[in-house]
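Engineer: Just so you know, our numbering puts 1142 at position 130 of the sequence shown, and the rest follows in order with no gaps.
Before we start, here is the structure in question, set down as C-alpha cells.
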Amino acid sequence: MDPARHWYDHDHTLTFGRRLPDGSTALRWRGPALMGIVNVTPDSFSDGGHLVALDDAVESGLRLAAEGAMVVDVGGESTRPGAESVAAAEELRRVVPVIEVLASRGLLLSIDTRKPAVAAAALAAGARIVNDVGGLRDEEMTALCAREGAPVVITHMQGEPATMQAAPHYTDVVTEVSNYLRAASERALAAGVPDVLIDPGIGFGKTVAHNLALLQATGRLVAFGRGVLVGASRKGFLDKIARVPRPADRLGGSLAAHLAAARLGAAMLRVHDVEQHRQALAVEAALAAGLTYSERG
Ligand code: HH2
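So, in C-alpha cells, the structure goes:
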C-alpha cells in the first residue's frame, strides 16, 4: 500500500487472463471492496430442496450485489471446522446452476472450492475468480487457473477442515503464514496464473491468538504488493472473544475485525452482511478523512 495515501483511497487491481464483459482484463477499485458470500450448502439435498436452494442462492447473490458487493463468492462445500468434505459431483450440482444464473445477470463471481473439477465447471458456467481455501496446494488447480486465465484467492490453511481446529500450532504464526503466502503466490504467478489475492485464512487451523496476530499483521501481508483478502465474517473466534454463540449474531464482531483489517490496507473483505459493512466502511473512511472530507452529495 502506498504509505502516502490513506487506506480508503488506495488503488487495487486484479488482472485476468481473459477479457471481462466490459472488454478490460483488469478489475480496478479504490479502498477495501466487499466479497459477498453465497453458500449453497443445504443439509439434505432432495430434489425439492434443490429448487429451493437454487432460488434462495440466486436471490441472495443478487441482493448482495445490489447492496455493494463487487464480487459474489459461491460455494457448495462448507469448510467450517469439523465439516466433512462433499463429493465433487454433489458440489457441482449445487453451484453450477447458481453460477449460470448469476453470471447471466452480469455479476462478477468467484467459486469457493478446493476441487479443480468444481473450479473448471464453475469457470465454464461464468465464474471469473477461483477462491481456493486449499491455498493452491493442488498443482492441478494451479494449472487450471493458468490455462483459464483466472486469478486466484490463495488462502492459508493449516491441516484440513475436519481436523484443523484440533490443535493448531505455530512457532511464529505471522512469519509462517506470510512465508507460505509469498511462496505460493510466486509459484502461482510463475506457473502462469494471471494474478492472486492473498488471504491469511482466519479460522483455518488457528487459535484466537493466532487470528488476532494475523489481523494485526495485515500490513505485513499488504507490503508484499498483492491485494490482501480477509474473511473473519461470523467466525468462531468472535464467539470466544465476545461470547456470541449464534453465528448470525456475530455482525458486531465481524465489523470490528474487518474495519481493523481495512485500516491496515486490506483490498477485499469476505462478508455475509454486505450492506452493514458498506455503511461501516463509508463512515470509517469519512472519519479517517477528517477535515479533508468533502461532501459527495
Ligand atoms: N472462509 C470460509 C470460506 N471461504 N474463503 C476465503 N478466501 N477466506 C476465508 O476466510 C473463507 C473462505 C468459511 O467457511 P464456510 O464454512 O464455508 O462458511 P462461510 O462461507 O459461511 O463463511
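Ideal Cβ placement from N, Cα and C applies to all residues, glycine included.
#1: What do you get for Q1170, buried or exposed, if any count of 16 or more other CB atoms within 10 angstroms of its CB means buried?
#2: Please say whether R1042 and D1023 have beta carbons closer to each other than 8 Å?
#3: Tell me which residues share the same chain as P1128 and place their Cβ nearer than 7 Å to its Cβ, disregarding the 5 neighbours each side in the sequence.
#4: Below 6 Å CB to CB, which residues in the same chain sit around T1219 once its five sequence neighbours on both sides are set aside?
#5: CB-CB under 8 Å to L1209, same chain, minus the five flanking residues each way: which ones, in chain order?
#6: Going by alpha carbons, who is nearest to S1266 out of A1301, R1232 and N1223?
#7: By Cβ distance below 7 Å, which residues in the same chain neighbour L1119 in space, the five residues on each side in sequence not counted?
#8: Grouping DSSP H, G and I as helix and E and B as strand, with all else coil, what is S1072?
#9: Below 8 Å, can you find three or more Cβ-Cβ pairs linking the segment 1131-1145 to the segment 1097-1112?
#10: Given this structure, state the Cα-to-Cα distance separating A1229 from E1188, to the nearest angstrom.
#11: Have a look at the DSSP bridge pairing and note the partners of D1124.
#12: Excluding the 5 residues preceding and the 5 following A1174 in the sequence, name in chain order all residues of the same chain whose CB lies nearer than 8 Å to its CB.
#13: Would a C-beta distance cut-off of 8 Å place G1231 and L1276 closer than the cut-off?
#14: Examine the ligand HH2 and report whether any of its heavy atoms sits within less than 7 Å of the Cβ of R1282.
#15: Using DSSP with H/G/I as helix, E/B as strand and the rest coil, what is T1154?
#16: Leaving aside the five residues before and after G1146 along the sequence, list all residues of the same chain whose C-beta is less than 6 Å from its C-beta, in chain order.
#17: Report the option in Y1020, G1048, L1263 and A1274 whose CA atom is closest to the CA atom of G1087.
#18: Please state whether DSSP places R1282 in a helix, a strand or coil.
#19: Got a sec? Which residues, its chain only, sit under 6 Å from F1057 by beta carbon, not counting five neighbours each side?
#20: Which parts of the segment 1218-1292 are runs of the alpha helix (DSSP H), unbroken and 4 residues or longer, counting only runs that do not cross its ends?
#21: Can you grab the Cα-Cα spacing for the pair L1259 / K1252, in whole Å?
#22: Who sits around the ligand HH2, taking every residue whose Cβ is closer than 6 Å to one of its heavy atoms?
#23: Report buried or exposed for T1183, applying the criterion of at least 16 other Cβ atoms within 10 angstroms of its Cβ.
#24: Would you kindly check if the distance between the Cβ of V1070 and the Cβ of E1103 is under 8 Å?
#25: By the three-class DSSP mapping on this structure, what secondary structure does T1025 have?
#26: On the DSSP bridge list, what partners appear for V1050?
#27: Indicate the three-state DSSP secondary structure (helix, strand or coil) for V1164 in the structure shown.
#28: How long is the line joining the alpha carbons of G1217 and D1144, rounded to whole angstroms?
#29: Assuming G1204 contacts A1158 under a Cβ cut-off of 8 Å, what Cβ separation, rounded to an integer in Å, is found between them?
Structural biologist: By the coordinates alone:
#1: Answer is buried; the Cβ neighbour count reaches 16.
#2: yes
#3: Apart from sequence neighbours up to five positions away, the residues of its chain that approach P1128 with a beta-carbon distance below 7 Å are D1150, E1152, M1153 and L1156, ordered along the chain.
#4: Excluding the 5 residues flanking it on each side, T1219 has same chain C-beta neighbours closer than 6 Å at P1180, in chain order.
#5: L1026, P1163, V1164, V1165, I1166, R1238, G1239, V1240, L1241, A1279 and M1280
#6: N1223
#7: These residues qualify, in order along the chain: G1073, A1077 and V1084.
#8: helix
#9: yes
#10: 12 Å
#11: Residue pairing of D1124 in beta bridges, as defined by DSSP: G1087 and N1143.
#12: G1094, A1095, E1096 and S1097
#13: Less than 8 Å separates the beta-carbon of G1231 from that of L1276.
#14: yes
#15: In the structure shown, T1154 sits in a helix (DSSP, three-state: H, G or I).
#16: R1126
#17: G1048
#18: If DSSP states are grouped into helix, strand and coil, R1282 belongs with the strands.
#19: Residue placement at F1057 cannot be trusted, given a pLDDT of 43 that sits under 50; what the coordinates show is reported in the next sentence. Closer than 6 Å at Cβ, skipping near neighbours: no residue.
#20: Counting only runs of 4 or more, we get 1220-1228, 1230-1234, 1248-1254 and 1263-1275.
#21: The identity of residue 1259 in the sequence shown is Pro, whereas the question assumes Leu. Take the alpha-carbon of P1259 and the one of K1252: they are about 12 Å apart.
#22: I1049, N1051, G1087, S1090, T1091, R1092, D1124, N1143, V1145, V1165, T1167, D1211, G1213, I1214, L1241, G1243, S1245 and R1282
#23: exposed
#24: no
#25: strand
#26: V1086
#27: strand
#28: 15 Å
#29: 3 Å
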